[in-house]
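In what follows, a single structure is set out as structure tokens and then discussed.
Number of protein chains: 2
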Amino acid sequence: MGGTVRRPRADALRNAERLLAEADAVFRDRGTDASLEGIARRAGVAIGTLYAHFPNRRALVGALLRDRNDALFARGDELASLAEPAPALREWIEAVVAHAATYQGLAELLADGADDAASELHASCERLTAISDRLLDTARRTGAVHSDVTGADVFTLMNAAAWTRAHASAAQAARFLARSVDGLLVDEVG
Amino acid sequence: MGGTVRRPRADALRNAERLLAEADAVFRDRGTDASLEGIARRAGVAIGTLYAHFPNRRALVGALLRDRNDALFARGDELASLAEPAPALREWIEAVVAHAATYQGLAELLADGADDAASELHASCERLTAISDRLLDTARRTGAVHSDVTGADVFTLMNAAAWTRAHASAAQAARFLARSVDGLLVDEVG
DNA sequence: ACCTGAACACCGTTCAAGT
DNA sequence: ACCTGAACACCGTTCAAGT
Chain A
229 MGGTVRRPRA
239 DALRNAERLL
249 AEADAVFRDR
259 GTDASLEGIA
269 RRAGVAIGTL
279 YAHFPNRRAL
289 VGALLRDRND
299 ALFARGDELA
309 SLAEPAPALR
319 EWIEAVVAHA
329 ATYQGLAELL
339 ADGADDAASE
349 LHASCERLTA
359 ISDRLLDTAR
369 RTGAVHSDVT
379 GADVFTLMNA
389 AAWTRAHASA
399 AQAARFLARS
409 VDGLLVDEVG
Chain B
229 MGGTVRRPRA
239 DALRNAERLL
249 AEADAVFRDR
259 GTDASLEGIA
269 RRAGVAIGTL
279 YAHFPNRRAL
289 VGALLRDRND
299 ALFARGDELA
309 SLAEPAPALR
319 EWIEAVVAHA
329 ATYQGLAELL
339 ADGADDAASE
349 LHASCERLTA
359 ISDRLLDTAR
369 RTGAVHSDVT
379 GADVFTLMNA
389 AAWTRAHASA
399 AQAARFLARS
409 VDGLLVDEVG
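Each protein sequence line maps, in turn, to chains A and B. Positions 229 to 418 (the numbering used here) are the ones given, in order, by the first sequence. Positions 229 to 418 (the numbering used here) are the ones given, in order, by the second sequence.
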């Protein structure tokens, strides 16, 4: 109460930014299990500085994802107000899968984060599930989707598909995702 | 040529068996990424002994799986000769998923092993895919399964489902698997 | 023929000391 | 207010020396 928010020191800000930039590069290359010491080294700071800014690996990943998450949530809200709910749901799932596959290991962090309230990624997992539920609701009203599918089901599917992207050929992963999404939708046969 | 196969020394045999027993226990507990040093310690041997018997982690996992794999392959051959191909395929998939989920991390080793001819698990991955293809063939002949599904698709699905078992609630994982298998089968509606 | 364990290179995490 | 880097505890992997 009455505590003034101090603006961070300029060097601290610069260090945080360099750490994020190097972490992004390294995680894209080697996945979210990559060495944190290597990231600090590449950013030109001591390992203690990395821990001062990001108390653990998930916090670092979470910071890296913040902007992309916001864009994803906004896109989800847009899609929810679209005329055709089936393509909207499909596009939503594809966007989230692409997101969850940006780093190898991220799908695991997300899947685990949904069930762990202490995870730095927990809130975004709940948001992804909630948006999925919303898209399903409208899709259900037009009979485009099977009636018993939940947002949690979609969240599970998205993580499994993202994981598959890192552990199967691109072709196999694409087939898996397409088949999974088809399984949610009610056959549009005459 | 003419080389006589030497029977291993009794102590070497005992060490290998203790290593396998402890590795199984530890892997069930902590997954296939668990410390090999810890396993050697628990088995009462030096770390070099573990490496002498099993040159790498995959070789250790592979040795552990040998018996279970044989049982699985035999079951697959049985199922292939069953009258009703749809339930046979379903049971096959469920058995393999249970197998691939015995250790956390095993689904990843299997998925990666399919594309890596150097992996100690490669041969069993190919066998699982081949048996899946056989079951699909007979299922296709009775029109029970979608015509474009391949053994590789089923293999991918099984790994994704096994991975999900370790990274979602049991209920979610079961729903995911059930929905995925349903997606393979042609609707049996009148 | 097999086993031991030191040796090397690496890592996560904390925290006293500096600026 | 922030940064440094030593300290501690741990690990994978190899290989010379022993039995």
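Glycine residues also receive a C-beta, built at the ideal position from the N, C-alpha and C atoms. Since the model is a prediction, treat every value here as computed from it, not as a measurement.
Ends of the alpha helix (DSSP H) at V382 of chain A?
As a position in the first sequence, residue 382 of chain A is number 154, starting the count at 1. V382 of chain A -> alpha helix (DSSP H) spans 379 to 394.
Would G411 of chain B count as contacting chain A if we go by Cβ distances under 7 Å?
Here residue 411 of chain B is taken as the residue at index 183 of the second sequence, counted from 1. By this cut-off, G411 of chain B is an interface position.
Output the boundary residues of the alpha helix (DSSP H) element that contains H327 of chain A.
In the first sequence, the residue the question calls residue 327 of chain A occupies position 99. From DSSP, the alpha helix (DSSP H) with H327 of chain A extends over 313 to 328.
Mapping DSSP to helix, strand and coil, what is L310 of chain B?
To locate residue 310 of chain B, count along the second sequence from 1; it is residue 82. Coil.
My understanding is that L385 of chain B touches F404 of chain A, with C-beta atoms under 8 Å, so please give their C-beta distance in whole angstroms.
To locate residue 385 of chain B, count along the second sequence from 1; it is residue 157. To locate residue 404 of chain A, count along the first sequence from 1; it is residue 176. So it is a contact: roughly 7 Å between Cβ atoms.
Could you tell me the distance, in whole angstroms, from the CA atom of A351 of chain A to the CA atom of T392 of chain A?
Here residue 351 of chain A refers to the residue found at position 123 of the first sequence. Here residue 392 of chain A refers to the residue found at position 164 of the first sequence. Answer to the nearest angstrom: the Cα atoms are 24 Å apart.
Suppose the cutoff is 8 Å on Cβ atoms and the five residues either side in sequence are ignored; what does the same chain contact list for G272 of chain B look like?
For the purposes of this step, residue 272 of chain B is taken as residue 44 along the second sequence, with counting starting at 1. Result list for G272 of chain B: R246, in chain order.
Using the Cβ count rule (16 or more neighbours within 10 Å means buried), how would you classify G276 of chain A?
Translated into the one-based positions of the first sequence, residue 276 of chain A becomes position 48. So G276 of chain A counts as exposed.
Give me, in chain order, the residues of the same chain whose beta-carbon lies closer than 7 Å to that of A274 of chain A; leave out the 5 immediate sequence neighbours on both sides.
The residue given as residue 274 of chain A occupies position 46 in the first sequence. Same-chain partners within the cutoff: A268.
On a Cα-Cα basis, can you pick out the residue from B:S309, B:R237, B:V254, B:A401 that is closest to L288 of chain B?
For the purposes of this step, residue 288 of chain B is taken as residue 60 along the second sequence, with counting starting at 1. The shortest C-alpha separation from L288 of chain B is found at B:V254.
Sequence-distant residues of the same chain with beta carbon closer than 7 Å to R362 of chain A, five excluded per side:
On the first sequence, residue 362 of chain A is found 134 positions in, with the first residue counted as 1. Closer than 7 Å at the Cβ level, and outside the excluded window around R362 of chain A, lie A308.
Can you give me the start and stop residues for the alpha helix (DSSP H) that Q400 of chain B sits inside?
Locating residue 400 of chain B in the second sequence gives position 172, counting from the first residue. From DSSP, the alpha helix (DSSP H) with Q400 of chain B extends over 398 to 412.
Excluding the five sequence neighbours on either side, which residues of its own chain have a C-beta within less than 7 Å of the C-beta of L356 of chain A, listed in chain order?
Taking the first sequence and counting its residues from 1, one reaches residue 356 of chain A at position 128. V324, F383.
Can you tell me whether V373 of chain A is helix, strand or coil according to DSSP?
If you number the first sequence from 1, residue 373 of chain A lands on position 145. Three-state DSSP puts V373 of chain A in a strand.
Would you mind stating whether A252 of chain B and L293 of chain B have Cβ atoms separated by less than 7 Å?
Residue numbering aside, residue 252 of chain B sits at position 24 when the second sequence is read from its first letter. Residue numbering aside, residue 293 of chain B sits at position 65 when the second sequence is read from its first letter. A quick correction: the sequence has Asp, not Ala, at residue 252 of chain B. Taking 7 Å as the Cβ cut-off, D252 of chain B and L293 of chain B do not qualify as a contacting pair.
Please identify, using Cβ separations under 8 Å, the residues of the region 311 to 330 of chain B that lie next to chain A, in order along the chain.
none
Would you mind telling me which residues of chain A sit closer than 9 Å to E354 of chain B, beta carbon to beta carbon, in chain order?
Working through the second sequence from its first residue, we reach residue 354 of chain B at position 126. Within chain A, no residue comes near E354 of chain B; the closest Cβ sits about 14 Å away, beyond 9 Å.
State the CB to CB distance for the pair P313 of chain A and T366 of chain A, rounded to an integer number of angstroms; the pair is presumed to be in contact (CB under 8 Å).
By one-based count along the first sequence, residue 313 of chain A stands at place 85. By one-based count along the first sequence, residue 366 of chain A stands at place 138. Right, the Cβ-Cβ distance comes to about 5 Å (below 8 Å), so this counts as a contact.
Please check if any C-beta of chain A sits within less than 7 Å of the C-beta of D340 of chain B.
As a position in the second sequence, residue 340 of chain B is number 112, starting the count at 1. Output row for D340 of chain B: interface = yes.
Is there at least one Cβ from chain A nearer than 7 Å to H350 of chain B's Cβ?
Here residue 350 of chain B corresponds to residue number 122 of the second sequence, with the count starting at 1. H350 of chain B does not count as touching chain A.
T384 of chain B touches chain A at which residues, Cβ-Cβ below 8 Å?
The residue labelled residue 384 of chain B in the question sits at position 156 within the second sequence. By Cβ distance, chain A contributes T392, A396, Q400, A401, R403, F404.
Measuring only between beta-carbons, confirm whether E336 of chain A sits less than 7 Å from chain B.
For this step, residue 336 of chain A is matched to residue 108 along the first sequence. With 7 Å as the cut-off, E336 of chain A counts as an interface residue toward chain B.
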